[in-house]
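Residues in the sequence shown are numbered from 1030 upward in steps of one, following the working numbering. Where a beta carbon is used, it is the ideal one built from N, C-alpha and C, also for glycine.
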Amino acid sequence: MQSTLSKARITALGTYVPERVLTNFDLEKMVDTNDEWIFSRTGIRERRIAGPEEFTTDLCVAAVENLIKRYGKPIQDVDLVLVATTTSDYAFPSTASQIQARLGLENAGALDLNATCAGFVYGLHMANGLITSGLHKKILVIGAETLSKVTDYSDRATCILFGDGAGAVLVEYDEENPSFLSSYMTSKGEGGVHLYRTGLSKQMNKQELQNPGFMVQNGREVYKWAVTTVPLGMKRLMENSDFTLEEVDWFVPHSANLRMIESICEKSGFPLEKTLWSLEHFGNTSSATIPLALEKGLREGKLKSGDKVMLYGFGGGLVQAGLLMNWTLAG
Ligand code: COA
């Protein structure tokens, strides 16, 4: 995808995380682990956990309400709601349909998409395509998860990683000042066995599924795949654009594990100082990590309108998705 083709711009951002904080010290009381191990292996100190009656739709609505406040005008002209999530309140109806109803978006279509931790980037890519093609004018893209509800809190190798959160952006038609510069995405379905949540099928690659309803992970394999695949993908993303990595102001990878981000930066030659992540206080919130990191960048006065930003999602599937963008929002 080349820059001249895009006619879509990000015009607003909103985020939300639940109130309850689960620290590494809290986890010490739940499984055989300790703060030092978790922080040194992952960079995570704490994560947010949704209440027993708080679900992904609730997080999405709160994030969109935050977005509306900052946008400063109603969003009744939104014509599509796209929600990237793996933890929809129900198998169906979709989270997007629930949000459409709760926010009274009477002119909007609604659908959920599942690309795990790359979901927010895939959502932006689809919104850009649908707006640029002229099919839609204003799309709400949301990445949101309540992973705590599908986390096995007796599995110390996974429960230390995940948390809950939501981020929403508005993507609108704008021919003059588009946000989207280039994209690159791939899937390696054979690797699905390394990170999955049980569904209707009883087998994964001929192996019996474990832990019904919960996430199952081979952390080592996911780690190896990410730190070898993402640097190559970043290279391809830049080749698809008119820019070089040196011209990128901020890299916003999926916040899974700080050691992974450091390795990706080292292998790609991208400076860690120009990288934004949200994992220290929120853990891995899957499709919400990237908007939460963008929020942090804005709040800390790092991310500025006009910056070149490289978003890069990767995760279960296995899938990866990168977008090079012209950042168009002020803090
Ligand atoms: N506390 C203390 N010890 C732990 C532990 C914990 N929370 N979790 C695992 N261990 C132990 C293991 O039991 C193992 O012990 P052993 O050597 O006696 O068998 C040892 O630590 C090493 O385990 P290993 O799984 O090899 O650790 P690791 O260095 O690979 O770190 C992860 C584990 C999960 C932190 C790491 O693999 C990871 O982050 N992978 C990527 C996962 C991910 O990002 N998933 C989402 C992608 S979107």
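Ligand 1 heavy atom lying under 7 Å from the CB of residue i
i: N1313; result: yes
i: G1172; result: no
i: W1306; result: no
i: M1214; result: no
i: C1089; result: no
i: G1138; result: no
i: R1249; result: yes
i: H1283; result: yes
i: L1246; result: The amino acid at residue 1246 is misidentified as Leu; the sequence shows Gln. Yes; taking the cut-off as 7 Å, the Cβ of Q1246 has a heavy atom of ligand 1 nearer than that.
i: I1189; result: yes
i: A1079; result: no
i: C1146; result: yes
i: I1067; result: yes
i: R1074; result: no
i: G1345; result: yes
i: N1234; result: no
i: Y1045; result: no
Buried or exposed by the 16-neighbour rule on C-beta atoms within 10 Å, applied to residue i
i: L1164; result: exposed
i: K1325; result: buried
i: T1249; result: The identity of residue 1249 in the sequence shown is Arg, whereas the question assumes Thr. Exposed, because fewer than 16 other Cβ atoms sit within 10 Å of the Cβ of R1249.
i: A1197; result: buried
i: Y1151; result: buried
i: M1030; result: In this prediction, M1030 has a pLDDT of 49, which is less than 50 and means its spatial position is unreliable; nothing more can be read from the coordinates.
i: L1210; result: buried
i: L1358; result: buried
i: F1343; result: buried
i: A1120; result: exposed
i: A1130; result: exposed
i: R1226; result: buried
Nearest-angstrom beta carbon gap, residue j and residue i [assumed within contact, 8 Å]
i: A1350; j: H1154; result: 7 Å
i: G1298; j: L1274; result: 7 Å
i: L1142; j: L1111; result: 6 Å
i: W1306; j: L1323; result: Not quite, the Cβ-Cβ distance comes to about 11 Å (not below 8 Å), so this is no contact.
i: T1040; j: L1199; result: 5 Å
i: S1284; j: L1353; result: Not confirmed; about 19 Å, so no contact.
i: V1245; j: N1234; result: 12 Å between Cβ atoms; not a contact.
Does the stretch 1164–1176 touch the stretch 1058–1074, meaning 3 or more C-beta pairs lie closer than 8 Å? No contact exists between the stretch 1058–1074 and the stretch 1164–1176.
Any chance the stretch 1071–1079 sits against the stretch 1090–1106, with 3 or more Cβ pairs inside 8 Å? No, the stretch 1071–1079 does not touch the stretch 1090–1106.
Assess, as a yes-or-no matter, whether the stretch 1080–1098 is touched by the stretch 1192–1206 under the definition of 3 or more beta carbon pairs within less than 8 Å. Short answer: they touch.
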